[in-house]
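Here is the structure we will look at, set down as structure tokens.
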Amino acid sequence: MDMSPHFPIYMDYGATTPVDQRVVDAMIPWLREHFGNPASRSHA
Numbered sequence: 097m098d099m100s101p102h103f104p105i106y107m108d109y110g111a112t113t114p115v116d117q118r119v120v121d122a123m124i125p126w127l128r129e130h131f132g133n134p135a136s137r138s139h140a
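Each number in our numbering comes from the position in the sequence shown (counting from 1) with 96 added on.
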């Protein structure tokens, strides 16, 4: 019996890792009030 899958399996946990609620709470003000485009030359 062949148990190998016949389709690719994506196992990148880094892209879907749950974020600790303390980190979310600390980041919310920065995401809502202190945003910007770090690649913009006009803010350098």
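The beta carbon of each residue, even a glycine, is placed where N, CA and C say it ideally should be. What you are looking at is a predicted structure, and each value in this text was computed from that prediction instead of being measured.
Check your understanding: Got a sec: does the ligand SAH put a non-hydrogen atom nearer than 6 Å to the Cβ of residue 122?
Key -> No copy of the ligand SAH occurs in the structure displayed, which carries no ligand at all.
Review point. Rounded to a whole number of angstroms, what is the C-alpha to C-alpha distance between residue 135 and residue 116?
Key: For this step, residue 135 is matched to residue 39 along the sequence shown. For this step, residue 116 is matched to residue 20 along the sequence shown. Between residue 135 and residue 116, the C-alpha separation is close to 27 Å.
Review point. Straight-line CA distance for residue 125 to residue 111?
Key: Residue 125 sits at position 29 when you count from the first residue of the sequence shown. Residue 111 sits at position 15 when you count from the first residue of the sequence shown. Rounded to whole angstroms, residue 125 to residue 111 spans 23 Å at the Cα level.
**Study point:** Beta-carbon contacts of residue 109 that lie in its chain and below 7 Å, excluding the five residues immediately before and after
**Key:** Sequence index remark: in the sequence shown, residue 109 carries index 13 (1-based). The answer is none, since no qualifying residue turns up.
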